[in-house]
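Beneath this line is the structure, given in structure tokens, with notes to follow.
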Amino acid sequence: MSKSKEESLSILNEYRDEISPEDFKNLKKIIGSFAIEDMYLTREDIEESIQVFRGETTHEEIINKHLRDQFSLILQKLDIKNLRGQNPFQLTVISKKLSYRKTTRGLCHHN
1 MSKSKEESLS
11 ILNEYRDEIS
21 PEDFKNLKKI
31 IGSFAIEDMY
41 LTREDIEESI
51 QVFRGETTHE
61 EIINKHLRDQ
71 FSLILQKLDI
81 KNLRGQNPFQ
91 LTVISKKLSY
101 RKTTRGLCHH
111 N
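Under this note's numbering, the first residue of the sequence shown is numbered 1, with each subsequent residue one higher.
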């Protein structure tokens, strides 16, 4: 996890030749904007942003991937036996709560 704006910018600089100057400038501004709130982009965040700029993926696909990963981790931690016979509606509510928490948190990590 990045701990400073400088660390995020250092990671971004590694990808300077892989994206257009305009995308580099935009991502640099994004890093600066989040840093104001003491939030710093990780290598994963930067790589995902570059994939979006290149058209390889969308923000929605990235968010859905993170939601699936988080939901899988939670289900692994839960006693799966206790979920047998659960009302599917209750599982949907759990999923929606996770979705809300992840999307309101965003793709950056707050220190």
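Each residue gets a CB set at the ideal place from its N, CA and C atoms; glycine is no exception. Because the structure is a prediction, the values reported are computed rather than measured.
Exposure of residue i, with buried meaning 16 or more beta-carbon neighbours within 10 Å
i	result
leucine 75	exposed
aspartate 17	exposed
leucine 27	buried
leucine 73	exposed
serine 113	With the chain covering only 1 through 111, there is no way to say anything about residue 113.
serine 20	exposed
threonine 104	Residue confidence for threonine 104 is low, a pLDDT of 44 falling below 50, so the modelled location carries little weight and cannot support an answer.
asparagine 13	exposed
serine 41	At residue 41 the sequence reads leucine, which differs from the serine that was named. With 16 or more Cβ atoms within 10 Å of its Cβ, leucine 41 is classed as buried.
When the options are compared against residue i, the one with the closest alpha-carbon
i	options	result
serine 49	Ser4, Ile11, Glu6	Ile11
glutamate 7	Lys25, Glu22, Gly32, Asp23	Gly32
DSSP bridge partner residues for residue i (one or two, in chain order)
i	result
tyrosine 15	In the DSSP output, where bridge partners are listed per residue, tyrosine 15 has none listed.
Where residue i sits in the DSSP three-state scheme
i	result
serine 20	coil
serine 10	helix
Heavy atom of the ligand HEM within 8 Å of residue i beta-carbon
i	result
leucine 12	As far as ligands go, the structure on display features none, and thus does not contain the ligand HEM.
Item to check | At least 3 beta-carbon pairs within less than 8 Å: the stretch 34-44 vs the stretch 65-76 | outcome: Too few Cβ pairs lie closer than 8 Å, so no.
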